[in-house]
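Position 360 of the sequence shown, counted from 1, bears residue number 359 in numbering that gives the first Met the number 0, the numbering being contiguous throughout.
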Amino acid sequence: MKKLKRRIKIKKEKVILTDILPYETPVTFSNKHFYRFLIKHQVQIDDGKICWRGNNHCLELIIRLLFGFNKNKTITCNKIKINSREKKDVWTIPFTYRILHKADDFRELAIIHPKNQLAMIEFYDKYKELILYYSNISPFSIRKPHRIAKCTYYEDKTHIKDLAYDHEYKSAEEFDKEYENLKTYFAYKEISNVYKFYESYQYHRCEKKYDKLFKFDISKCFSSIYSHSITWALLNKDIVKDKLSESRGTFSGKFDVIMQNLNYGETNGIIIGPEFSRIFAELILQKIDFNVMQHLRDNKDSKNKGLDFKTDYEIFRYVDDYFVFFNKEEDRIRIMDAYRFYLMEYKLYVNDSKSVLFEKPIITDITIAKQKISDLLNEALVYKRIEEKNQKDTENNEEEEKQYVFYVSSNKLITQYKMILKETGIEYKDILNYTLACLDRKVLKLIKNYSEDKDKKYQAKVVKYIWELLDFTFFIYSVYPRVNTTIKLCITLSKLIKLAKKKGNYNNDNQHIILKKIYDEISLVLQKIKNVEHTQIETLYLLITLKELGHEYRLDELILCKYLGIDLKNNIFKYSLNYFSITVTLFYIENISSYNNLKNLLKSHIKNKFKRNNKFQMAELTFLLFDILSCPWLDRSFKKDLLCLYDIINNVDQEEIIESEENWFTTWTNFDFLRQLELKKSQEVY
């Protein structure tokens with residue numbers, strides 16, 4: 000398909016669409032409406048002041064609320080001066096939440112306050128060239144900013160409405176390629192996602208050149224990084240320690256300060272999730288790589304010669320994951336000794352528990368498992384077309400009749416899949432992403448072929464095929480649900496839901512079989528993985544998927560409350576629901592009367608969350624406030640009560656603020672689930 004490409008001029012505000020938010024957020028949440036607000040009113044930081052266009056009292060109140068200033072803060076000529084010496088002016092509390100990282104471990108992610116997002120826009124705009132310069136010191140890095148992203152292209156838009164076409168979106172813009180959708184502020188050279196490295200020319204070339212591969216990573220890299228390390232890496236460590244105040248005016252000093260401000264002044268550890276945190280870590284690791292390379296080259300004595308990069312060894316680093324190719328064990332020891340020494344200078348350490356050595360043939364157990372699973376799915380999920388030529392009696396020509404062969408057995412699939420994992424020693428989490436991607440391709444093939452079958456004479460067989468495929472898919476998913484695998488699952492489910500609901504595809508009974516199967520499987524997952532504190536993101540996607548099924552497949556209020564950890568009878572919350580759980584639940588229940596008891600409980604819970612003295616500094620409450628104000632399914636009196644907590648008591652002011660924007664951070668209306676899922680999938684880094 001021909002792609003229509005055009006150059007685009009990147010607005011500096013684009014940073015908040017590309018480099019600010021973690022990947023693991025609900026699909027209903029984004030910065031796109033906030034971005035439009037900033038553009039519309041030309042909101043920016045200039046010379047230490049937040050400025051905007053338009054002499055409007057309502058806009059002034061919104062600016063105060065959005066950027067965390069109470070009524071006592073002076074506003075002059077559409078400007079609010081940020082006093083860098085006042086902690087309440089510059090320090091904010093990011094919204095932190097946890098996702099499942101390992102079977103018994105969590106990873107804490109963070110979303111920064113709108114005030115800090117605005118500051119990050121100005122930082123990128125001012126220092127983008129220095130970011131690029133310091134990102135290109137190490138020859139080891141395979142994921143580093145290479146230039147500012149410049150172009151995008153758009154395909155023929157007819158495919159978006161066609162169920163038979165899988166509209167993919169690239170993750171990070173890679174150097175010297177064309178893109179449908181700009182997803183990162185910088186173009187990245189050379190690898191945008193780590194799995195691509197295993198299929199790259201560099202990897203295969205090193206397999207020929209070297210006998211061994213050693214993989215290692217840094218233990219708790221982001222949470223161990225000291226924010227002042229950036230100045231140590233880019234300047235001289237001893238000089239910086241002696242003259243810390245002077246270093247604050249440099250690029251590295253400014254980066255240090257902004258990372259502290261957005262994390263409530265914290266210097267020990269940087270927040271996890273946003274792209275700018277990966278860039279911060281990248282600049283430090285670039286320096287460490289460079290020091291290691293120099294040390295290996297220059298450290299020689301009567302027994303050992305220096306080690307030359309690309310002659311004696313090659314190292315590839317993807318964020319904090321290292322791939323070391325070498326021939327001699329003594330060389331590996333010298334390389335690792337050097338890394339341990341230079342990492343320790345920045346209070347970083349090698350994660351020995353995850354280090355792995357491979358010898359020729361350099362092939363990982365995961366690679367073997369992938370091939371076996373691919374073969375299994377091709378053999379056990381058969382849906383193919385056979386074309387037979389039938390001679391017509393009345394005409395002297397040939398007509399092709401499409402015949403379909405079906406074969407699938409979920410029980411056989413499950414058994415053989417488990418056998419592959421047992422044989423290769425691979426865990427579900429290591430291969431689940433790949434398996435779900437294979438299953439999605441099977442679904443796409445099914446959709447394409449079935450859409451071409453005008454008579455739908457294979458309807459019953461297709462329904463059975465889908466039923467068995469869903470049975471297998473949910474079996475492997477439910478063992479280890481994580482955000483990235485949930486997104487892939489929901490993409491497949493959304494396609495099947497659209498296929499089932501498309502007029503003319505199925506009769507009512509067969510449509511119900513497909514939709515009911517999806518409902519039953521999701522309900523089972525929600526019952527198994529009941530809502531516990533900090534682990535809600537993994538299943539909130541499934542709640543949104545249930546909404547796509549239609550009103551007749553809604554969860555019973557008691558079941559939904561049980562999932563949320565709410566004792567409806569006694570009005571007790573087992574855990575305090577966070578911003579994401581509240582907004583996604585409101586998105587799901589809408590104005591449906593059968594959820595009135597739950598909605599009333601949620602409103603009371605929300606009010607209690609706002610009774611905080613530091614609410615102006617809290618990112619979570621800022622996002623929640625603006626989403627509540629724009630939520631179409633909450634009454635006006637409730638919204639006005641929240642505004643009163645912020646000392647906005649004038650009825651006219653309240654009305655204008657409520658009516659100001661249709662959406663803020665949650666997309667309440669005009670929501671295209673499949674489209675947003677595809678865009679979300681494109682942002683995956685690991």
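From the three backbone atoms N, C-alpha and C, an ideal C-beta is built for every residue, glycine too.
Predicted, not measured: the structure shown is a model, and the values here were computed from it.
Kindly indicate the opening and closing residues of the beta strand (DSSP E) around residue i.
i    : result
C50  : K48 to C50
E107 : D104 to I110
V323 : D320 to F325
K211 : K211 to D216
H145 : R142 to I147
I362 : Counting along the chain, I362 falls outside any beta strand (DSSP E), and DSSP gives it neither H nor E.
L79  : Going by the sequence as given, residue 79 is Ile instead of Leu. Per DSSP, I79 belongs to the beta strand (DSSP E) from K78 to K80.
Starting from residue i, trace the alpha helix (DSSP H) both ways and give me its first and last residue.
i    : result
Q285 : E274 to D297
L435 : Y427 to E451
Y562 : E556 to L563
I486 : V482 to K500
E206 : Y200 to K208
H32  : K31 to H40
V89  : K86 to V89
F250 : F250 to N260
I581 : Y578 to I588
D45  : It is not in any alpha helix (DSSP H) - D45 instead sits in the beta strand (DSSP E) that spans Q43 to D45.
T544 : I536 to L548
L16  : V14 to T17
V193 : V193 to F196
Q116 : P113 to Y133
D351 : Note, D351: premise wrong, no alpha helix (DSSP H); not H, not E.
Determine the DSSP secondary structure at residue i, reduced to helix, strand or coil.
i    : result
K460 : helix
V524 : helix
T310 : coil
N410 : helix
I465 : helix
H100 : strand
F670 : coil
I648 : coil
N595 : helix
I92  : strand
M684 : According to the sequence as given, residue 684 is Val; it is not Met. Coil, per DSSP.
Q675 : helix
F221 : helix
Report yes if the C-beta distance between residue i and residue j is below 9 Å; otherwise report no.
i    : j    : result
Q41  : I49  : no
V524 : S477 : yes
F275 : D18  : yes
F474 : L438 : no
D45  : E107 : no
N260 : T95  : no
L380 : Y464 : yes
L431 : Y479 : yes
L284 : D319 : yes
E281 : S134 : yes
R316 : S137 : yes
N596 : L567 : yes
L20  : S223 : no
A109 : I271 : yes
CA-CA distance, residue i and residue j?
i    : j    : result
I147 : D311 : 34 Å
L131 : F325 : 30 Å
D165 : P25  : Per-residue confidence for D165 stands at a pLDDT of 40, beneath the threshold of 50, marking its modelled position as unreliable; the derived number appears in the next sentence. Going from the Cα of D165 to the Cα of P25 covers about 21 Å.
Y457 : S659 : 52 Å
I565 : Y209 : 58 Å
S687 : T249 : With the chain represented from 0 up to 685, any question about residue 687 goes unanswered, as that position is not in the structure.
F308 : Y587 : 55 Å
K391 : L412 : Because the pLDDT of K391 is 48, which lies under 50, any placement of that residue in the model is unreliable, and the question is left without a value.
E397 : E467 : For E397, the predicted structure reports a pLDDT of 45, less than 50, and the residue's modelled location is therefore unreliable. The matter cannot be settled from this model.
Y427 : Y552 : 30 Å
L99  : Y433 : 19 Å
V256 : N71  : 25 Å
A163 : I287 : Its pLDDT being 41, under 50, A163 is placed unreliably by the model, and the measurement read from it follows with that caveat. Looking at the two C-alpha atoms, the distance is approximately 48 Å.
Q510 : L495 : 10 Å
Would residue i count as contacting chain D if we go by Cβ distances under 9 Å?
i    : result
S681 : The displayed structure is made up of one protein chain only, and chain D is not part of it.
Check whether the stretch 610 to 621 touches the stretch 76 to 84, taking contact to mean three or more Cβ pairs, one atom from each stretch, closer than 8 Å. Because the criterion of three Cβ pairs below 8 Å is not met, the stretch 610 to 621 and the stretch 76 to 84 do not touch.
Does the contact criterion of 3 or more C-beta pairs under 8 Å hold for the stretch 134 to 148 versus the stretch 640 to 658? No: fewer than three Cβ pairs fall under 8 Å.
So does the stretch 339 to 355 actually touch the stretch 201 to 216, counting three or more Cβ pairs closer than 8 Å? The stretch 339 to 355 vs the stretch 201 to 216: in contact.
Below 8 Å, how does it come out for the stretch 625 to 632 and the stretch 50 to 60: are there three or more Cβ pairs, yes or no? Here the stretch 625 to 632 does not lie against the stretch 50 to 60, with fewer than 3 beta-carbon pairs under 8 Å apart.
Take every Cβ of the stretch 576 to 586, pair it with every Cβ of the stretch 538 to 547, and state whether three or more of those distances are shorter than 8 Å. Result yes; three or more Cβ-Cβ pairs closer than 8 Å.
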